[in-house]
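Line order of the protein sequences matches chains W and F. Heads up: take any position in the first sequence, counting from 1, add 203, and you land on my numbering. Heads up: take any position in the second sequence, counting from 1, add 203, and you land on my numbering.
There are 2 protein chains.
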Amino acid sequence: MPKQTFFNLEPEKRRAIIDAAVREFARQPFEQASLTKIVESCGIAKGSMYQYFEDKKDLYLYIVDLAYEQKKSYVSRAFALAGDIFTVLNEYYRLSYQFALDHPLLHQVANMFWDSRAEELCTELEKGRLSRAKDFAQVLQEAMEQGTVNDRLDPEAVFFVYHAVGKELIDHFHQGCNDHFLQQVLDVLKYGLAARD
Amino acid sequence: MPKQTFFNLEPEKRRAIIDAAVREFARQPFEQASLTKIVESCGIAKGSMYQYFEDKKDLYLYIVDLAYEQKKSYVSRAFALAGDIFTVLNEYYRLSYQFALDHPLLHQVANMFWDSRAEELCTELEKGRLSRAKDFAQVLQEAMEQGTVNDRLDPEAVFFVYHAVGKELIDHFHQGCNDHFLQQVLDVLKYGLAARD
DNA sequence: TCCTCATGTGACCACCCGGTCATATCTTAC
DNA sequence: GTAAGATATGACCGGGTGGTCACATGAGGA
Chain W
204 MPKQTFFNLE PEKRRAIIDA AVREFARQPF EQASLTKIVE SCGIAKGSMY QYFEDKKDLY
264 LYIVDLAYEQ KKSYVSRAFA LAGDIFTVLN EYYRLSYQFA LDHPLLHQVA NMFWDSRAEE
324 LCTELEKGRL SRAKDFAQVL QEAMEQGTVN DRLDPEAVFF VYHAVGKELI DHFHQGCNDH
384 FLQQVLDVLK YGLAARD
Chain F
204 MPKQTFFNLE PEKRRAIIDA AVREFARQPF EQASLTKIVE SCGIAKGSMY QYFEDKKDLY
264 LYIVDLAYEQ KKSYVSRAFA LAGDIFTVLN EYYRLSYQFA LDHPLLHQVA NMFWDSRAEE
324 LCTELEKGRL SRAKDFAQVL QEAMEQGTVN DRLDPEAVFF VYHAVGKELI DHFHQGCNDH
384 FLQQVLDVLK YGLAARD
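What follows is the structure, encoded as structure tokens:
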């Protein structure tokens, strides 16, 4: 958590710091991102940064949190959608894609976070994964009870597959990814490879 | 490519260098791995390393190549298997898992490689992806022609999904992953989420 | 024995990093 | 006006990095 001093700052200065940090953390993972470059880029003294944050990790987690909050506000309405699980998933990834288009830097920050290898970040990583799993698990369970989804499948394996594909999709948003391809990928997940009788 | 000097070395010395490099590159991605630690760990002078390799990247790509060659020799026999595409995929991931168990360090090296963000490595990355895609694409095409696989699916999307899930599976091998779970995941891919009529 | 040439070496270079701290400046209250 | 407290600063620290180079050591041939 940032120190109180940070929140006492004039808003435009706070913004400048956040923007510079977002720019840097969007470019590379935590370990390779440079605090020095951030302070140079927003024109404050290195020492000042330590008036606002405990250390580099503190700043990083604050920025990642911001990115995820923004993304959540974009994407969560998919789960409120009327319609079956396929409609929901479709909308979920469509909104994720839209978010990546509208906020490419925030998208990259959130995206880069998953590649973190630092042990200190692993607990945070797991927390994020679980919170995402919760929404998904609920929609999935309802769909299985209603018979929309094949109820012989292992819910954990289903989540695993969708998580993997979602991650890869989101990873490739920056390379451009049209609605049609997204649709095709979701179709593969929906129908599976096996030919229908 | 290593310089000739490297291949003139006594085999045990060459091994020591390779082993030390594998150990380091298994721990973290290219940018964070330390040449200094590698030379310390195998007890040669820093300068010597530059008699054998052009630079850090040269050493790295050589090691990654070794890891992939080893893995390929483990895994490729899956594609020669008699049986439908599902048998092949099953065996492919089973062998991948076996490889990760038998050569955890090589597995980590190959695995870590995919997370590289360095622009200089991107061409290499793409090359690896394509070569993997080729084997897969062939098996898939045959399966579609034979009617084993739903031929209304987009082959590119299918590859995308299987690549994503494979990556994630392989990522999670080190956390333990039993045959049963593997089977469940492949079932999700095979049958899809949608309930069968 | 001596010259040559390939190989080995580690001190050294320039550069970058996260983090600190004595000091300067600004704000507020009396 | 001045004392007190909060905030800003950037030179500096110890430590790490990839890469270099003048020199030492080795082997082979004349």
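Even for Gly, the Cβ is constructed at its ideal location relative to N, Cα and C.
- Taking a cut-off of 8 angstroms for Cβ pairs, the stretch 215-235 of chain W and the stretch 310-321 of chain W touch, as three or more such pairs fall below it.
- Of all residues in the stretch 382-399 of chain W, only Phe384, Gln387, Val388, Asp390, Val391, Leu392, Lys393, Tyr394, Gly395, Leu396, Ala397, Ala398 and Arg399 place a beta-carbon less than 8 angstroms from a beta-carbon of chain F.
- When secondary structure is reduced to three states using DSSP, Ala397 (chain F) falls in the strand class.
- Following the DSSP letters along the chain, one finds His366 (chain W) inside the alpha helix (DSSP H) bounded by residues Pro358 to Asp374.
- Contact annotation for Glu227 (chain W) against chain F: no contact, minimum CB-CB distance about 13 angstroms [criterion: below 7 angstroms].
- Taken atom to atom, the span from the alpha-carbon of Val242 (chain W) to that of Asp374 (chain W) is near 28 angstroms.
- Around the beta-carbon of His310 (chain W), 16 or more other beta-carbon atoms lie within 10 Å, marking it buried.
- Between Arg280 (chain W) and chain F, the shortest Cβ-Cβ separation is not below 8 angstroms.
- Each residue's CA atom was taken as its position, placing Gly331 (chain F) and Lys275 (chain F) some 11 angstroms apart.
- Not a single CB atom of chain F sits nearer than 8 angstroms to the CB of Asn211 (chain W).
- Of all residues in the stretch 343-360 of chain W, only Gly350, Thr351, Val352, Asn353, Leu356, Asp357 and Ala360 come within less than 7 angstroms of chain F when Cβ atoms are compared, listed by chain position.
- Arg226 (chain W) has its alpha-carbon roughly 12 angstroms from the corresponding atom of Arg218 (chain W).
- Of all residues in the stretch 318-344 of chain W, only Asp318 and Arg320 come within less than 7 angstroms of chain F when Cβ atoms are compared, listed by chain position.
- Residues of chain F whose Cβ lies closer than 9 angstroms to the Cβ of Phe363 (chain W) are, in chain order, Val368, Glu371, Leu372, His375, Phe384, Gln387, Val388 and Val391.
- Proximity of the stretch 364-373 of chain W to the stretch 355-367 of chain F meets the contact definition, three or more beta-carbon pairs being nearer than 8 angstroms.
- If one requires a minimum length of 4 residues, the alpha helix (DSSP H) runs lying completely within the stretch 262-312 of chain W are 288-305, in chain order.
- Against chain W, the beta carbon of Gln231 (chain F) has neighbours under 7 angstroms at Arg320, listed in chain order.
- Assignment of beta-bridge partners to Val352 (chain F) by DSSP yields W:Ala397.
- Lys206 (chain W) sits in coil when the DSSP states are folded into three classes, being neither helix nor strand.
- Take Leu389 (chain W), set aside five residues on each side of it, and the residues of its chain with a beta-carbon closer than 8 angstroms to its own are Phe289, Leu292, Asn293 and Tyr296, in chain order.
- In this structure, F:Ala236 is the residue among F:Ala236, F:Phe282 and F:Ala340 with its C-alpha nearest to the C-alpha of Tyr263 (chain F).
- In the DSSP annotation of this structure, Pro232 (chain F) is not part of any alpha helix (DSSP H), being labelled neither H nor E.
- Taking a Cβ-Cβ threshold of 7 angstroms, the residues of chain W close to Glu234 (chain F) are Gln235, in chain order.
- Annotation: Asp354 (chain F) to Met204 (chain F) spans about 43 angstroms, alpha carbon to alpha carbon.
- Using a Cβ distance threshold of 8 angstroms, Leu298 (chain F) and Val352 (chain W) do not count as a contacting pair.
- Residue environment: Leu356 (chain W) is assigned as buried (16 or more neighbouring CB atoms within 10 Å of its CB, all protein chains considered).
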